[in-house]
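Under our numbering, the first residue of the sequence shown is numbered 1, with each subsequent residue one higher.
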Amino acid sequence: MSAFALTAEQLAYAREVREIAARELLPLAERGAEGHVNRPLLEALGKHGLLGRLFAGSGRSAAAMELCLLRETLATVSTEAETALALQALGSYPFLLFGTESQAQRYRDGVAAGTVIASFALSEAEAGSDAAALQLRAEPDGNGWRLTGEKTWISNAPEADVYTVFARTTADARARGITAFVVAGDSAGLTGEHLDMLAPHAIGRLVFDGVRVERADVVGEVDAGFKIAMRTLDVLRPSVGAFAVGMAQAALDAAIAHTTGRQAFGGVLSDQQAVSHLLAEMATRVEASRLLVYAAASAYDSGAPAAQLTRQAAMAKLFATESAQFVVDAAVQLHGARALQRGHLLERLYRDVRAPRIYEGASEVQRTIIGRSLVQTAAGPAGQGDRA
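Listed below in structure tokens is the structure:
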């Protein structure tokens, strides 16, 4: 792990987290049911204070560097533990960071303890990368609303205890007509099902049949929920890159161990120039990704301008996830057929590494964000517009 932007205390903490993950979290992850929320694992993350580290100070601000440090470290040991922690952050950040004090107090302690499972419900079948096109309806009903429609590819669904749900409160207004709501998982009219995905994480579809929400359930302001979604993703995107860096580092470590110990062609496999050059390329991409990720996290924690944060977060996620795909694939190639056997480290990484290039903004979306930011910056104040 690079020392860039990390103190000696943070590096020591990363070593401690790695030891906890190997000793206590990995066994719990391996005993969990694929495709379902692993509550014992989340409670263990809470017991060791790892979930509480996702928030700075009083718990009303995000600690981007802490999140990246945790996600990278956990991913080198257990992608299941890493994903459980990350999804807890994604699901809870909207109402804990941007909601009312009442909303934060209601859920903060349970989220930090791992006893309240949170979920971020934005995507729909026809509104994935184009999230502003979502159609889940929030129809006025007295002093509140009724939610009607579906969400899909929702992490921790349908088992979550609380959802941040983004719904349309104003028709034909795209991003300017979306409101964020806090919705209890046991709300009347809310049902769902698990989805069987390539990487067996807890992901599902939700059906809202007139689910009642009150004005007190609104996160932020009515019709301003899209900005909350985007601000949440700005926090999370560098950490998706950190997840990718952790997976890539695990794959690189495995490739080095294998090629330096494998006899082939009358010598050690790593002595082959093609192999050593590939290892060099893998290591360079891992380190470059790590630097981008921690630079973006440092910018967020230091209060850099919003436009800069958005661009750096997009760069970090784009480069790190694309590089991780390359590194894991290269490690599989160096291992040969053994890496494709069920249960092999690289077999699992090969499945896990594909999704981060899609979720929380596909690579193509990140390139659009970066390109638009560069053009707007070149145009000066007149080129600065609402991202929506």
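Ideal placement from N, C-alpha and C gives every residue a C-beta, glycine not left out.
(request) Just mark THR73 as buried or exposed, buried being the case when its beta carbon has 16 or more other beta carbons within 10 Å. (result) Here residue 73 refers to the residue found at position 73 of the sequence shown. By the 10 Å Cβ count, THR73 comes out buried.
(message) Helix, strand or coil, according to DSSP, for LEU195 in the structure here?
(response) As a working note, residue 195 is residue 195 in the sequence shown. Note: LEU195 maps to coil in three-state DSSP.
(request) Please work out which residues of its chain come closer than 6 Å, Cβ to Cβ, to ARG262, disregarding the five sequence neighbours upstream and downstream, and give them in chain order. (result) In the sequence shown, residue 262 corresponds to position 262, counting from 1. Within the same chain, Cβ atoms closer than 6 Å to the Cβ of ARG262 are found at LEU269, the five residues on either side in sequence being excluded.
(message) Which of the three DSSP states is assigned to VAL37 in this structure?
(response) Within the sequence shown, the letter at position 37 stands for residue 37. Three-state result, VAL37: coil.
(message) I need the straight-line Cα distance from GLU19 to ALA251, nearest angstrom please.
(response) Against the sequence shown, residue 19 aligns to sequence position 19. Against the sequence shown, residue 251 aligns to sequence position 251. Their backbone Cα atoms lie some 19 Å apart in a straight line.
(request) Using three-state DSSP, classify SER123 as helix, strand or coil. (result) Within the sequence shown, residue 123 is the residue found at index 123, counting from 1. Taken through DSSP and simplified to helix, strand or coil, SER123 comes out as coil.
(request) Look up ILE369 in the DSSP assignment and say whether it is helix, strand or coil. (result) Taking the first residue of the sequence shown as 1, we reach residue 369 at position 369. Helix, per DSSP.
(message) Can you list, in chain order, the residues of its chain with a C-beta nearer than 6 Å to that of VAL211? Leave out the 5 residues immediately preceding and following it.
(response) The residue you call residue 211 lines up with position 211 of the sequence shown. Once the five neighbours on either side are set aside, the close Cβ partners of VAL211 are LEU147, SER187, GLY189, LEU190.
(message) Quick check: ARG355 and VAL245, are their CB atoms within less than 7 Å of each other?
(response) Looking up residue 355 in the sequence shown gives position 355. Looking up residue 245 in the sequence shown gives position 245. Per the sequence shown, the amino acid found at residue 355 is Ala instead of Arg. Not in contact: ALA355 and VAL245 (Cβ atoms no closer than 7 Å).
(message) Among LEU50, GLY99, PHE98, whose alpha-carbon lies nearest the alpha-carbon of GLN88?
(response) Here the question's residue 88 lines up with position 88 in the sequence shown. With respect to the C-alpha of GLN88, the residue from LEU50, GLY99, PHE98 having the closest C-alpha is LEU50.
(request) Buried or exposed for GLU16, please, with buried defined as at least 16 other CB atoms from any protein chain shown within 10 angstroms of its CB. (result) In the sequence shown, the residue the question calls residue 16 occupies position 16. Around the beta carbon of GLU16, fewer than 16 other beta carbons lie within 10 angstroms, which makes this residue exposed.
(message) Using a Cβ-Cβ cutoff of less than 7 Å, which residues in the same chain neighbour GLN249 once the five nearest sequence positions on both sides are dropped?
(response) Within the sequence shown, residue 249 is the residue found at index 249, counting from 1. If we look at GLN249 and ignore the five residues flanking it on each side, its Cβ neighbours are THR76, VAL286.
(message) Rounded to whole angstroms, what is the Cα-Cα separation between ALA131 and ALA264?
(response) Walking along the sequence shown from the start, residue 131 turns up at place 131. Walking along the sequence shown from the start, residue 264 turns up at place 264. If you take the alpha carbons of ALA131 and ALA264, they lie about 51 Å apart.
(message) Give me, in chain order, the residues of the same chain whose beta-carbon lies closer than 7 Å to that of ALA378; leave out the 5 immediate sequence neighbours on both sides.
(response) Position 378 of the sequence shown, counted from the start, is the residue given in the question as residue 378. Within the same chain, no residue comes within 7 Å of ALA378 by CB-CB distance, once the 5 residues on both sides are set aside.
(message) So the candidates are THR232, MET230, SER78; which of them puts its Cα closest to the Cα of ALA29?
(response) Indexing the sequence shown from 1 puts residue 29 at position 29. Closest option to ALA29, Cα to Cα, is SER78.
(request) Going by DSSP, name the residue or residues bridged to LYS151. (result) Here residue 151 corresponds to residue number 151 of the sequence shown, with the count starting at 1. Answer by DSSP bridge pairing, in chain order: LEU206.
(request) Scan the region 67-108 and note each continuous beta strand (DSSP E) run of 3 residues or more that stays entirely inside, going in chain order. (result) With a minimum length of 3 residues, no continuous beta strand (DSSP E) run stays inside the region 67-108.
(message) Looking only at its chain, what residues have a beta carbon closer than 7 Å to the beta carbon of CYS68, apart from the 5 residues adjacent to it on each side?
(response) Along the sequence shown, one-based indexing puts residue 68 at 68. So the list reads PRO238, SER239, ALA242, VAL293, TYR294, ALA297, once near-sequence residues are dropped.
(message) If you reduce the DSSP assignment to three classes, tell me which class GLU214 lands in.
(response) For the purposes of this step, residue 214 is taken as the residue at position 214 of the sequence shown. Looking at GLU214 - three-state DSSP - the assignment turns out to be strand.
(request) Pick out whichever of ALA324, ALA171, THR232 has its Cα sitting closest to the Cα of LEU346. (result) In the sequence shown, counting from the first residue as 1, residue 346 sits at position 346. Comparing Cα positions, the closest option is ALA324.
(request) Look at the Cβ atom of THR164, then the Cβ atom of THR179, and state whether they are nearer than 7 Å. (result) Residue 164 sits at position 164 when you count from the first residue of the sequence shown. Residue 179 sits at position 179 when you count from the first residue of the sequence shown. No, the pair does not count as a contact, with Cβ atoms beyond the cut-off.
(request) Please look up how many angstroms separate the CB atoms of ALA283 and ALA331, rounded, as I've assumed it's under 8 Å. (result) Here residue 283 refers to the residue found at position 283 of the sequence shown. Here residue 331 refers to the residue found at position 331 of the sequence shown. No, ALA283 and ALA331 are not in contact; Cβ-Cβ is about 11 Å, not under 8 Å.
(message) Just to confirm the assignment, what range does the beta strand (DSSP E) spanning ILE178 have?
(response) For the purposes of this step, residue 178 is taken as the residue at position 178 of the sequence shown. Start and end: 178-184.
(request) Spell out a yes or no on whether the region 91-101 and the region 271-280 are touching, meaning 3 or more CB-CB pairs, one atom from each, closer than 8 Å. (result) Look at the beta carbons and you see the region 91-101 not touching the region 271-280: under three pairs across the two are nearer than 8 Å.
(message) Please classify LEU198 as buried or exposed, where buried requires at least 16 other C-beta atoms within 10 Å of its C-beta.
(response) Counting from one through the sequence shown, the residue named residue 198 turns up at place 198. Classification for LEU198: exposed.
(message) Taking 7 Å as the threshold (C-beta atoms), are ALA86 and ASN156 in contact?
(response) As a first step, residue 156 must be located in the sequence shown, where it is residue number 156. As a first step, residue 86 must be located in the sequence shown, where it is residue number 86. Going by C-beta atoms, ASN156 is not nearer than 7 Å to ALA86.
(message) By the three-class DSSP mapping on this structure, what secondary structure does GLU139 have?
(response) Indexing the sequence shown from 1 puts residue 139 at position 139. In the structure shown, GLU139 falls within a strand segment according to DSSP collapsed to helix, strand and coil.
(request) Pull up the CB-CB distance for ALA44 and GLU24, whole angstroms please, since I reckon it's below 8 Å. (result) Position 44 of the sequence shown holds residue 44. Position 24 of the sequence shown holds residue 24. Yes, they are in contact, since the Cβ atoms of ALA44 and GLU24 sit about 6 Å apart, within 8 Å.
(request) Assign LEU233 to buried or exposed, taking buried as 16 or more other Cβ atoms, counted over all protein chains shown, within 10 Å of its Cβ. (result) For the purposes of this step, residue 233 is identified with residue 233 of the sequence shown, where counting begins at 1. It counts as buried.
(request) Can you tell me the Cβ-Cβ gap for MET247 and LEU349, rounded? I've got them flagged as a contact below 8 Å. (result) Indexing the sequence shown from 1 puts residue 247 at position 247. Indexing the sequence shown from 1 puts residue 349 at position 349. Right, their Cβ atoms sit about 5 Å apart.
(request) Keeping to the same chain, check which residues put their C-beta closer than 6 Å to that of TYR300; ignore five residues upstream and five downstream. (result) Here residue 300 refers to the residue found at position 300 of the sequence shown. For TYR300, where only same-chain residues beyond five positions count, the Cβ hits under 6 Å are ALA64, LEU309.
(request) Return the chain-ordered list of same chain residues with a C-beta closer than 7 Å to the C-beta of ALA3, the five sequence neighbours on each side being excluded. (result) Start at 1 with the first residue of the sequence shown, and residue 3 comes out as number 3. Residue confidence is low: ALA3 scores 48 on pLDDT, short of 50, so the model does not pin down where it sits. No coordinate-derived value is stated.
(request) Tell me whether VAL219 sits in a helix, a strand or coil according to DSSP, three-state version. (result) Your numbering for residue 219 matches position 219 in the sequence shown. In this structure, VAL219 counts as strand in the three-state DSSP scheme.
(request) For the alpha helix (DSSP H) holding TYR294, just list the boundary residues, first then last. (result) By 1-based counting over the sequence shown, the position of residue 294 is 294. That run of the alpha helix (DSSP H) goes 273-301.
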